[in-house]
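Numbering (our numbering), first residue to last: 7 to 247. For every residue, glycine included, the Cβ atom is placed at its ideal position computed from N, Cα and C. Small disclaimer: the values here were computed from a predicted structure and weren't measured. A short worksheet on the structure shown next.
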């Protein structure tokens with residue numbers, strides 16, 4: 007598998023707070039190539055790396071998705087380090103994550119560490135800032151194609167799997183090219199809901215809080231069917247959009 011190589015140069019501070027020029031560590035971090043789609047939801051625009059341990063404060067590093075080499079200074083090394091890497095899309099949503107714990111970073115040595123970025127599914131519409139009629143509700147989700155992904159409704163009774171009524175399936179069907187899938191749930195009563203989209207394979211998920219309005223009470227448009235002549239034109243009722 008082709009890898010993206012990110013090179014981190016870590017410099018050690020001594021306990022009295024002065025820099026020891028002879029004591030430094032380099033961390034060669036190898037990350038698997040991720041699926042990238044040609045739209046703002048499916049492209050990793052920047053990354054955040056968090057280095058943490060019991061004996062030091064969290065250190066955050068930010069870099070763009072195009073960076074293959076990055077030099078980071080004034081970061082303590084030692085034993086039992088934890089690395090947490092997140093990839094963000096252009097909408098500031100986390101679409102990939104990697105975690106590795108119990109890492110020993112040695113001074114004056116190149117430390118090679120592999121991180122496996124795993125897909126995090128995200129809602130691409132609607133957003134938490136808007137209300138949606140239940141007659142118009144359709145979720146769109148981005149994820150790495152080939153992953154098993156479900157949508158759940160969360161309430162005081164726990165998590166409830168939703169069924170895609172258009173596909174009669176619990177699993178979303180993702181495009182191999184765009185990584186996008188649509189999901190049409192059954193008609194839900196008006197109210198405020200907490201939804202989550204979850205990757206069944208790795209357990210990673212993201213959530214959405216949405217207000218749903220009753221669209222069945224809105225005025226429907228007249229539905230007309232036309233035959234071979236105006237004599238056969240009939241009024242068939244009303245459809246609510």
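- The Cβ atoms of residue 183 and residue 125 lie no closer than 8 Å to each other.
- DSSP places residue 197 inside the beta strand (DSSP E), whose first and last residues are 197 to 205.
- When only Cα atoms are considered, residue 62 and residue 117 end up about 19 Å apart.
- Taking C-beta separations shorter than 8 Å and ignoring five residues to either side along the sequence, the partners of residue 195 in its chain run 140, 218 and 220, following chain order.
- DSSP places residue 43 outside any beta strand (DSSP E), giving it a letter other than H or E.
- Apart from the 5 residues on each side of it in sequence, residue 56 sits with its Cβ closer than 6 Å to the Cβ of 64, 66 and 90 in its chain, given in chain order.
- Contact between the segment 131 to 139 and the segment 173 to 181 is absent: fewer than 3 CB-CB pairs across the two stretches fall below 8 Å.
- Residues 16, 83, 111 and 113 of the same chain have their beta carbon placed closer than 6 Å to that of residue 31, with the five preceding and five following residues left out of the count.
- Across the structure, residue 46 and residue 186 are spaced so that their CA atoms are roughly 12 Å apart.
- In the three-state scheme derived from DSSP, where H, G and I count as helix and E and B as strand, residue 108 is classed as strand.
- The beta carbons of residue 108 and residue 49 sit no closer together than 8 Å.
- Looking from the CA of residue 197, the closest CA among 159, 106 and 69 belongs to 159.
- Each of 153, 208 and 149 was checked against the Cα of residue 43, and the nearest Cα belongs to 149.
- The alpha carbon of residue 37 has as its nearest neighbour, out of 51, 168 and 93, the alpha carbon of 93.
- Relative to residue 99, the option among 212, 156, 106 and 191 whose CA is nearest is 212.
- By a beta-carbon distance limit of 8 Å, residue 161 does not contact residue 189. Their separation comes to about 19 Å.
- For residue 123, no beta strand (DSSP E) run applies, since DSSP gives it neither H nor E.
- Here DSSP, grouped into helix, strand and coil, assigns residue 58 to strand.
- At least 8 Å separates the beta-carbon of residue 102 from that of residue 121.
- In this structure, the CA atom of residue 153 is about 35 Å from the CA atom of residue 222.
- When only Cα atoms are considered, residue 214 and residue 85 end up about 38 Å apart.
- Burial state of residue 210 is buried, judged by a 10 Å Cβ sphere holding 16 or more other Cβ atoms.
- The residues 52, in chain order, have a CB closer than 6 Å to that of residue 70 in the same chain once the five nearest residues on each side in sequence are set aside.
- DSSP lists 160 as the bridge partner or partners of residue 165.
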